[in-house]
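Protein chains in written order, with the numbering used here: chain R, 8 to 253; chain U, 2 to 15. C-beta: ideal position from N, C-alpha, C; glycine also. Each remark here refers to the structure printed beneath this line.
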């Protein structure tokens, strides 16, 4: 880029990797050690017997926890806090859940199609009482396809920074500033892939529309749930979750 | 409108 020096890009890379390491919620080593800990049949049954309201509230809480780490990742990332507050909010509102979905591939075991949830690995059937089988299966399929890329931690760091810093999000006030940061992050990502001979993954990254569609489906499901249980959502769902998704 | 996000963004690194 004519405007960014190699040192600037290198500095940005190091900053994103550090921000990611500090905010990744669960260490990859721990997630991998726990891979054999799957829920027993009885435990799965007890999750399936929970009411729809209780299961929704649990999942809303787990998503909110994951999102708090993404907010912290954004705050520590070079350039993000220099954007105007409107744009910080626009980017987080549109991108936080997308980042959570990408981060999920670290907590996913492709071999038996399970994901780390509340202390053990769970298959899609555990989430039956949510009443969103199709969405759950789409999310599992997405995690499975991301796993096939065998992302390194550094690749996830830079890729999720790019999911967040997206200058095509509607309602940005300083689009140019976001675009410049996005361009630098793209350079940083490509430079790292070149150094590690991993440029081939560029063609296999999920299309932006895929993440957008999963997030849209999640919001649609929340809308239906809210129509059935408005008081539950109002009284017990985490305020941050409501702010982001309804 | 985005009270919680504002608050999270205004707090220093937590």
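Beta-carbon neighbours of residue 78 (chain R), restricted to chain U and to distances below 9 Å: 6, 9, 10
From the DSSP output, in three-state form, read off residue 116 (chain R) for me. In the three-state scheme derived from DSSP, where H, G and I count as helix and E and B as strand, residue 116 (chain R) is classed as strand.
Would you kindly report the start and end of the unbroken beta strand (DSSP E) that includes residue 248 (chain R)? In the DSSP annotation of this structure, residue 248 (chain R) is not part of any beta strand (DSSP E); the continuous alpha helix (DSSP H) holding it starts and ends at 246-252.
By the criterion of Cβ-Cβ separation under 8 Å, what are the contact partners of residue 92 (chain R) in chain U? 7, 10
Against chain U, with Cβ distances strictly below 8 Å, would residue 177 (chain R) count as a contact? For residue 177 (chain R), the answer is no, since every Cβ of chain U falls outside 8 Å of its Cβ.
Which residues of chain U have a Cβ atom closer than 9 Å to the Cβ of residue 250 (chain R), listed in chain order? Counting only Cβ-Cβ distances below 9 Å, residue 250 (chain R) has contacts in chain U at 2, 3, 4, 5, 6, in chain order.
Is residue 147 (chain R) helix, strand or coil when you go by DSSP? It is helical.
For residue 122 (chain R): DSSP bridge partner residues: Note: residue 122 (chain R) sits in a beta bridge opposite R:115, R:129.
Where does residue 15 (chain U) land, buried or exposed, given buried means 16+ other C-beta within 10 angstroms? Residue placement at residue 15 (chain U) is poorly supported in this model, since its pLDDT is 39, which falls under 50; the coordinates are not used for a value here.
Using DSSP with H/G/I as helix, E/B as strand and the rest coil, what is residue 14 (chain U)? For residue 14 (chain U), the predicted structure reports a pLDDT of 45, less than 50, and the residue's modelled location is therefore unreliable. A value from the coordinates is still provided. Of the three classes helix, strand and coil, the one that applies to residue 14 (chain U) here is coil, per DSSP.
Per DSSP, which one or two residues make a beta bridge with residue 45 (chain R)? R:128
With DSSP as the reference, label residue 30 (chain R) as helix, strand or coil. In the structure shown, residue 30 (chain R) adopts coil according to DSSP, grouped into three states.
In the segment 57-86 of chain R, which residues sit with their C-beta less than 8 Å from some C-beta in chain U, listed in chain order? Those would be 75, 78, 79, 82, 83, in chain order.
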